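Taking it in order: structure first as structure tokens, then the write-up.
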Amino acid sequence: AQSVTQPDIHITVSEGASLELRCNYSYGATPYLFWYVQSPGQGLQLLLKYFSGDTLVQGIKGFEAEFKRSQSSFNLRKPSVHWSDAAEYFCAVGYTGTASKLTFGTGTRLQVTL
Amino acid sequence: DGGITQSPKYLFRKEGQNVTLSCEQNLNHDAMYWYRQDPGQGLRLIYYSQIVNDFQKGDIAEGYSVSREKKESFPLTVTSAQKNPTAFYLCASMTTGGISGANVLTFGAGSRLTVL
Chain V
1 AQSVTQPDIH
11 ITVSEGASLE
21 LRCNYSYGAT
31 PYLFWYVQSP
41 GQGLQLLLKY
51 FSGDTLVQGI
61 KGFEAEFKRS
71 QSSFNLRKPS
81 VHWSDAAEYF
91 CAVGYTGTAS
101 KLTFGTGTRL
111 QVTL
Chain S
1 DGGITQSPKY
11 LFRKEGQNVT
21 LSCEQNLNHD
31 AMYWYRQDPG
41 QGLRLIYYSQ
51 IVNDFQKGDI
61 AEGYSVSREK
71 KESFPLTVTS
81 AQKNPTAFYL
91 CASMTTGGIS
101 GANVLTFGAG
111 SRLTVL
């Protein structure tokens, strides 16, 4: 069964510092990969997605992610974090054939210190 | 603007009562989903529907029921059989046509259910 691991439950960074959130997925087929962000008490907003092609994908709010098949990873990065980036971030995976069912990681809560 | 509307935002229920959460979308999406969110557990799929009058159980369907009588609507009933219903519930939808939109979930703002 497909699964997603986000090993960091909670990360704290200073404003202006760089950020990398880790995501690893299981399963052998070519995945569809996503990063979503959630502010407290709100729904999830799509940051970026990878379906195929260029393994470095750009998203909204200055985020990017890189798909590395050899490491089964899809880490999210941002060069300079803003205080407004404080939120919870979810990685998700889907596959052809199970395309209508995404599996989500347990999330990483980002705290930004001023 | 197109989107997903969930209501109510907050709901309190006594033990033993059924409660229905509303989810309406005007995105013309074919597929709709209900997820449950608990702290530290991410999102878990309760039910999903890819077409009107058809739906499938997700990973944690016990104690829940749904209907899909209209394309726009996918209400979730939390029954008294659900042992631990206090949670944040998220409705989502997805278009099933075209690679650019396929697999991309659009979420509502959520409904927080508290059992007293």
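Protein chains in written order, with the numbering used here: chain V, 1 to 114; chain S, 1 to 116. Ideal Cβ placement from N, Cα and C applies to all residues, glycine included. Model, not experiment: these values are computed from the prediction.
Which residues in chain V sit within 7 Å of residue i, going by Cβ to Cβ distance?
i       : result
Ala87/S : Result: empty, since nearest Cβ-Cβ is about 13 Å, beyond 7 Å.
Along chain S, in chain order, which residues have C-beta atoms closer than 9 Å to that of residue i?
i       : result
Leu46/V : Val104, Leu105, Thr106, Phe107
Lys61/V : Those within 9 Å of Lys61/V in chain S number zero; the least Cβ separation is about 17 Å.
List, in chain order, every chain S residue whose beta-carbon is nearer than 8 Å to that of residue i.
i       : result
Gln42/V : Ala109, Gly110
Gly53/V : Those within 8 Å of Gly53/V in chain S number zero; the least Cβ separation is about 11 Å.
What residues from chain S crowd round residue i, counting only those whose CB sits closer than 7 Å?
i        : result
Val106/V : As written in the sequence, residue 106/V is Thr, which differs from the Val given in the question. Here the neighbours are Gly40, Gln41, Gly42.
Tyr32/V  : Asn103
Gly94/V  : Asn103
Quick one: is residue i buried, meaning 16 or more other Cβ sit within 10 Å of its Cβ, or exposed?
i        : result
Ala87/S  : buried
Pro8/S   : exposed
Asp85/V  : buried
Tyr10/S  : exposed
Ile4/S   : buried
Trp35/V  : buried
Gln6/S   : buried
Gln6/V   : buried
Lys83/S  : exposed
Gln17/S  : exposed
Pro85/S  : buried
Glu88/V  : buried
Ala183/V : Here chain V has residues from 1 to 114 only, and residue 183/V is not among them.
Ser80/V  : exposed
Lys106/S : The sequence given here has Thr at residue 106/S, not Lys. Classification of Thr106/S: buried, given that the 10 Å Cβ count is 16 or more.
Phe63/V  : buried
His10/V  : exposed
Phe12/S  : exposed
Pro31/V  : buried
Gln71/V  : exposed
Lys78/V  : buried
Mind listing the chain V neighbours of residue i? Cutoff is C-beta to C-beta under 8 Å, in chain order.
i       : result
Leu90/S : Gly43, Leu44
Contact defined as beta carbons within less than 8 Å: I believe residue i pairs with residue j. What is the distance between those atoms, to the nearest angstrom?
i        : j       : result
Ala92/V  : Leu76/V : Not really, about 12 Å apart at Cβ, beyond 8 Å.
Glu109/S : Gln42/V : Note that residue 109/S is Ala in the sequence shown here, rather than Glu. That belief holds up - the Cβ atoms of Ala109/S and Gln42/V are roughly 6 Å apart, short of 8 Å.
Leu110/V : Glu15/V : Actually they are not in contact, since the Cβ atoms of Leu110/V and Glu15/V sit about 11 Å apart, beyond 8 Å.
Tyr47/S  : Ala92/S : Contact doesn't hold; Cβ gap of about 11 Å is too wide.
Closer than 9 Å by beta-carbon distance: list the chain V residues that pair up with residue i, in chain order.
i       : result
Leu45/S : Lys101, Leu102, Thr103, Phe104
Could you run through the segment 66 to 90 of chain V and flag, in chain order, every residue whose CB is less than 9 Å away from some CB of chain S?
-> Phe90
Enumerate, from N- to C-terminal direction, the unbroken beta strand (DSSP E) stretches of 3 or more residues contained entirely within the segment 6 to 32 of chain S.
-> 10 to 13, 19 to 25
Where in the segment 18 to 103 of chain V do unbroken runs of the beta strand (DSSP E), each at least 3 residues long, occur, reported from the N-terminal end onward?
-> Fully enclosed beta strand (DSSP E) runs of no fewer than 3 residues occupy 19 to 21, 31 to 38, 44 to 50, 56 to 58, 64 to 68, 73 to 78, 87 to 95 of the segment 18 to 103 of chain V, in order along the chain.
Scan the segment 57 to 82 of chain S and note each continuous beta strand (DSSP E) run of 3 residues or more that stays entirely inside, going in chain order.
-> As far as the segment 57 to 82 of chain S is concerned, its whole beta strand (DSSP E) runs of at least 3 residues are 64 to 66, 76 to 78.
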